Amino acid sequence: MKIKEFIEKVNDHDGMRAKKTAEGIVIGTPNNMGIFNIPEDATNFIEIDTWATSSSLYWKKPDREYLSELIEEFLHTPVKERFSEKKWRLYMGRNEYGNDIYLMNVISPYKPIRTCMAAKNEYNTFTDSDLVRLKEQYPRLAPAIDAMKEPVEEE
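Quick note: the sequence shown uses my numbering, first residue 2, plus one each step.
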């Protein structure tokens with residue numbers, strides 16, 4: 002389970018709130034956000050910080066069971082799979098009108114490379130695995146691909 006998915010499932014449950022912080026994933030109630038802190042790379046319950054003497058003060062048994070199952074599923078997810086893949090756009094430069102141009106796609110690995118250029122609001126995004134695949138298909142373009150990468154900010 003990815004971190005974002007875990008937080009969404011906690012927040013979808015009535016009376017529970019979770020958010021990502023620099024310390025990890027903080028879980029609590031709408032009125033008390035400091036009941037649990039789960040490091041993003043935690044692999045067992047011992048690594049979870051508890052700041053409350055008893056979670057039964059905040060949630061009923063079915064709610065605690067729900068949260069326990071979610072945490073267990075999260076802890077059983079390999080750490081590398083918890084994080085969303087970073088997304089990139091490939092900036093090609095400016096056209097004769099001064100507009101920024103981004104690589105939209107590569108048509109086929111079996112033909113000479115052809116590209117479509119797009120304005121920023123029409124660009125395709127590429128994940129790290131997409132870029133690795135492109136570099137394997139076009140090893141001579143790998144340095145250019147690395148130079149063109151711009152991170153896509155999540156909205």
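All residues carry an ideal CB built from backbone N, CA and C; glycine is no exception.
Computed from a prediction, not measured in an experiment: that's the story for all the values here.
Hey, residue i and residue j: beta-carbon distance below 8 angstroms or not?
i, j, result
"residue 149", "residue 98", "no"
"residue 71", "residue 11", "yes"
"residue 223", "residue 33", "This structure does not reach residue 223, given that the chain is present from 2 up to 156, and the question cannot be answered."
"residue 28", "residue 83", "no"
"residue 36", "residue 19", "no"
Out of the options, point me to the one whose CA is closest to residue i's CA.
i, options, result
"residue 146", "153, 34, 89", "89"
"residue 128", "144, 48, 140, 106", "106"
"residue 126", "140, 138, 144, 104", "104"
"residue 61", "6, 144, 30", "30"
"residue 74", "144, 6, 85", "6"
Quick one: residues in its chain with C-beta nearer than 7 angstroms to the C-beta of residue i, no 5 flanking neighbours on either side, listed in chain order?
i, result
"residue 152", "87, 89"
"residue 158", "A query on residue 158 cannot be resolved here, the shown segment of the chain reaching from 2 to 156 and no further."
"residue 54", "none"
"residue 85", "3, 5"
"residue 156", "At residue 156 the pLDDT is 46, less than 50, meaning the model places this residue with poor confidence and gives no usable figure here."
Round the Cβ separation of residue i and residue j to the nearest angstrom and send it over; I've been treating them as touching at under 8 angstroms.
i, j, result
"residue 17", "residue 64", "7 angstroms"
"residue 45", "residue 76", "6 angstroms"
"residue 42", "residue 80", "5 angstroms"
Any Cβ of chain D within less than 8 angstroms of the Cβ of residue i?
i, result
"residue 44", "Going by chain labels, chain D is absent from the structure shown, which holds only one protein chain."
Excluding sequence positions up to five away, which residues of its chain have a Cβ less than 8 angstroms from the Cβ of residue i?
i, result
"residue 52", "35, 36, 37, 38"
"residue 48", "39, 40"
So, at 6 angstroms on beta carbons, what are the nonlocal neighbours of residue i in its own chain, with the 5 sequence-adjacent residues on each side left out?
i, result
"residue 78", "2"
Problem - Three-pair Cβ contact test at 8 angstroms for the stretch 21 to 34 versus the stretch 100 to 109 - result: no
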